[in-house]
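Residue numbers (my numbering), protein chains in the order written: chain A, 447 to 577; chain B, 447 to 577; chain C, 447 to 577; chain D, 447 to 577.
Even for Gly, the Cβ is constructed at its ideal location relative to N, Cα and C.
Quick caveat: nothing in here was measured; it's all calculated off a predicted structure.
Structure first, then comments.
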């Protein structure tokens, strides 16, 4: 999925030491409008993108509001109800995330990792984050 | 798709003025090995990733051999035969491409675009490139 | 996306003659739980799946509540507000849909089509359907 | 991925009792041709689709040459060399597969399963199949 970072990324570390970064993403598909005979923006889908661990740390330092990024991850559609209001949240738990080079250039600095992030562990990270 | 840039990106401009950048990408899935009780690399799939126009220009200046990137695009599986040898090439025509922030940080500089790249036009770009 | 058809599909034809079929889909990812050393159901995501034209006609006659299906299409995340209540609807406009043969067998009868459904036209179908 | 079943599916059971079904699939993207002002077939990608266990059994009884199907699974791009000739095979190991209801109707009969197919086990199935 590609889109525009619509809010300044928020970064925090839980009591258990888990880094989390999240922001709102506006993703829209281009569609060909025959009447105008050109490509136009289709509808915009809004998502909350959340990342954990090393990806959260690197995103916090690299991603800004207004950037165009690509995200891959797990979609979570959740119904919530806090007594006063109810709604549906649509989140993407990012497995990968990066700037879309269609829109600019980047200077990349590699982080030395001892171990690559594990998708399954990210699921339990999410559960930790909910505490 | 995510993977490791395995060759130094090559950049050229065709006689018609079309910028093209391409490189080989090694993409592998992680899988959980129950015997070892940990995540290990699955098989590696090799692709030639090709980009055009603004994405080609930005990729040439930003992507290096050894970088970890994400790519989204169209898969092209082509059988070829040049008389002496025959084979199958597996290419990805990139619509988007960027560094995977799981593996490092990036400083992003936006290019001022007059017009966003159009997917359909990229198809005809490919045809131009074949001349 | 794969999942379980959770409601009996509803079928209708608009005043303009557009066939529409829709139903609720429960899609969950399997994840490996190390503690139990086996695969378990992850979270369930709920979607409203909508199809148009020939796909709607065929789905209405073939898909039942309780079936396991596969869907490919466009995700639409929409915020709505009708004065009294507000919420977010998560819909999939299906481009393709069919029974998942992991779960059973099927006898397939081909419909004679004069013309294949066009993705772009489905966008304008959606707009017609909203009237 | 969607496409046309181009060969009669072949079904066999290995010495270890593993059911396997495979066939060739022709998948092409539709693209909008501005010159003709209509949607036309883009390039065709050819894949060998392979399924295992319950999916293989059900596919063998349900899928015929000429059917239009949807497939989801893992892409495997492999270089091979048998001494005389060398080439690249492009395979999809199907996790799900079914008839595309854009093209017809189906009567679905559910198989009673004791246990849902596990993706990770399919990886080791592939290894077993290679013996």
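Please determine, among 556(C), 528(C), 519(C) and 532(C), the residue with the shortest C-alpha to C-alpha distance to residue 525(A). The sequence position of residue 525(A) within the first chain is 79, counting from 1. Comparing Cα-Cα distances from residue 525(A) to each of 556(C), 528(C), 519(C) and 532(C), the minimum goes to 532(C).
Burial state of residue 571(A) (16 or more Cβ within 10 Å): The residue you call residue 571(A) lines up with position 125 of the first chain. Caution is warranted here: a pLDDT of 43 is assigned to residue 571(A), below 50, making its placement in the model unreliable, and the coordinate value is therefore given only provisionally. With 16 or more Cβ atoms within 10 Å of its Cβ, residue 571(A) is classed as buried.
Given 8 Å, three or more beta-carbon pairs between the stretch 536-547 of chain C and the stretch 464-472 of chain D: no
Which stretch, first to last residue, makes up the alpha helix (DSSP H) that contains residue 529(A)? Taking the first chain and counting its residues from 1, one reaches residue 529(A) at position 83. Looking at the DSSP string, residue 529(A) is not in any alpha helix (DSSP H), and its letter there is neither H nor E.
On the three-state DSSP scale, how would you describe residue 507(C)? Position 61 of the third chain, counted from the start, is the residue given in the question as residue 507(C). Reduced to three states, the DSSP call for residue 507(C) is helix.
Just checking my contact of residue 554(A) with residue 545(B) at CB under 8 Å: how many whole Å lie between their CB atoms? Against the first chain, residue 554(A) aligns to sequence position 108. Against the second chain, residue 545(B) aligns to sequence position 99. Rounded, the Cβ-Cβ distance is 5 Å, consistent with contact.
Chain-order list of residues whose beta-carbon lies under 7 Å from that of residue 575(D) (same chain, five-residue window excluded): Numbered from its first residue, the fourth chain carries residue 575(D) at position 129. Summary for residue 575(D): the model assigns pLDDT 47, below 50, so the residue's position carries little reliability; its value from the coordinates is reported in the next sentence. So the list reads 460, 464 and 466, once near-sequence residues are dropped.
Considering Cα atoms alone, identify which of 506(A), 511(A) and 529(A) is closest to residue 451(A). Here residue 451(A) is taken as the residue at index 5 of the first chain, counted from 1. Residue 511(A) is the option with its Cα nearest to residue 451(A).
Bridge partners for residue 455(C) per DSSP, in chain order? Residue 455(C) sits at position 9 when you count from the first residue of the third chain. None, per the DSSP bridge assignment.
Taking beta-carbon pairs under 7 Å, can you tell me which members of the stretch 487-508 of chain A lie near chain B? 500, 501, 504, 505, 507 and 508
With a threshold of 7 Å between beta-carbons, can residue 575(D) be considered close to chain C, or not? For this step, residue 575(D) is matched to residue 129 along the fourth chain. A caution first: residue 575(D) carries a pLDDT of 47, below 50, which makes its placement in the model too unreliable to give a value.
With a threshold of 6 Å on Cβ separation, who are the neighbours of residue 457(B) within its own chain once the five nearest residues in sequence on each side are excluded? Reading the second chain from its first residue, position 11 is the one you call residue 457(B). Cβ neighbours of residue 457(B) beyond the five flanking positions: 467 and 506.
From the DSSP output, read off the bridge partner residues of residue 545(B). On the second chain, residue 545(B) is found 99 positions in, with the first residue counted as 1. 515(B), per the DSSP bridge assignment.
Of all the residues that make up the stretch 516-538 of chain B, which are near chain D by a beta-carbon distance shorter than 9 Å? 520, 521, 522, 523, 524, 525, 531, 532, 533, 534, 535 and 536
CB contact flag (residue 550(B), residue 496(A), <7 Å): In the second chain, the residue the question calls residue 550(B) occupies position 104. In the first chain, the residue the question calls residue 496(A) occupies position 50. Against a cut-off of 7 Å, the Cβ pair of residue 496(A) and residue 550(B) comes out as no contact.
Can you tell me the Cα-Cα spacing of residue 479(D) and residue 519(D), whole angstroms? Residue 479(D) sits at position 33 when you count from the first residue of the fourth chain. Residue 519(D) sits at position 73 when you count from the first residue of the fourth chain. Going from the Cα of residue 479(D) to the Cα of residue 519(D) covers about 30 Å.
Cβ neighbours of residue 516(B) in the same chain (closer than 6 Å, five flanking residues each side left out): Counted from its first residue, the second chain places residue 516(B) at position 70. Taken in chain order, the residues that qualify are 448, 544 and 546.
Under the DSSP definition of a beta bridge, which residues are partnered with residue 631(C)? There is no way to answer for residue 631(C), as the model of chain C reaches only from 447 to 577.
Cα-Cα separation, residue 514(B) to residue 529(A): Taking the second chain and counting its residues from 1, the one referred to as residue 514(B) is at position 68. Taking the first chain and counting its residues from 1, the one referred to as residue 529(A) is at position 83. Distance between the alpha carbons of residue 514(B) and residue 529(A): 45 Å.
Would you kindly work out how many angstroms separate the C-alpha atoms of residue 494(B) and residue 487(B), rounded to a whole number? Taking the first residue of the second chain as 1, we reach residue 494(B) at position 48. Taking the first residue of the second chain as 1, we reach residue 487(B) at position 41. About 20 Å.
Taking the straight line between their C-alpha atoms, what separation do you get for residue 453(B) and residue 509(B)? Sequence index remark: in the second chain, residue 453(B) carries index 7 (1-based). Sequence index remark: in the second chain, residue 509(B) carries index 63 (1-based). Taking the straight line joining both Cα atoms gives about 10 Å.
Which residues in the same chain as residue 474(C) place their Cβ atom closer than 8 Å to its Cβ, once the five residues preceding and following it in sequence are excluded? Within the third chain, numbered from 1, the residue matching residue 474(C) stands at position 28. So the list reads 449, 487, 488, 489, 490 and 491, once near-sequence residues are dropped.
Under a Cβ-count criterion, where at least 16 other Cβ atoms within 10 Å of its own Cβ denotes burial, should residue 455(D) be classed as buried or exposed? Here the question's residue 455(D) lines up with position 9 in the fourth chain. With 16 or more other Cβ atoms within 10 Å, it is buried.
For residue 481(D), three-class secondary structure by DSSP: Here residue 481(D) refers to the residue found at position 35 when the fourth chain is read from its first residue. Coil at residue 481(D), not helix or strand.
Short CB-CB distance (under 7 Å) between residue 546(C) and chain D: Along the third chain, one-based indexing puts residue 546(C) at 100. Yes, because at least one Cβ of chain D sits closer than 7 Å to the Cβ of residue 546(C).
Can you tell which of 534(A), 502(A), 527(A) and 477(A) has the C-alpha that lies nearest to the C-alpha of residue 548(B)? Taking the first residue of the second chain as 1, we reach residue 548(B) at position 102. Of the listed residues, the one whose Cα sits closest to residue 548(B) is 502(A).
For residue 553(B), which beta-bridge partners are listed by DSSP? Here residue 553(B) is taken as the residue at index 107 of the second chain, counted from 1. Paired residue(s): 553(A).
Residues of chain D with CB closer than 7 Å to the CB of residue 542(C), please, in chain order. By one-based count along the third chain, residue 542(C) stands at place 96. Residues of chain D passing the Cβ test: 448, 516, 546 and 548.
Any chain C beta carbon closer than 7 Å to residue 555(D): In the fourth chain, the residue the question calls residue 555(D) occupies position 109. Output row for residue 555(D): interface = yes.
Quick one: grab the DSSP three-state call for residue 575(D). For the purposes of this step, residue 575(D) is taken as the residue at position 129 of the fourth chain. Per-residue confidence for residue 575(D) stands at a pLDDT of 47, beneath the threshold of 50, marking its modelled position as unreliable; no derived number is given.
Residues in the same chain with beta-carbon distance under 7 Å from residue 522(C), minus the five sequence neighbours each way, listed in chain order, please. Numbered from its first residue, the third chain carries residue 522(C) at position 76. Contacts found: 537 and 539.
So that I know if they touch, is there some Cβ in chain D lying closer than 7 Å to that of residue 562(B)? Along the second chain, one-based indexing puts residue 562(B) at 116. Its pLDDT being 49, under 50, residue 562(B) is placed unreliably by the model, and the measurement read from it follows with that caveat. No, residue 562(B) does not count as interfacial toward chain D.
Is the Cβ of residue 468(D) closer than 7 Å to any Cβ of chain C? Here residue 468(D) corresponds to residue number 22 of the fourth chain, with the count starting at 1. Answer no: the Cβ-Cβ gap between residue 468(D) and chain C never drops below 7 Å.
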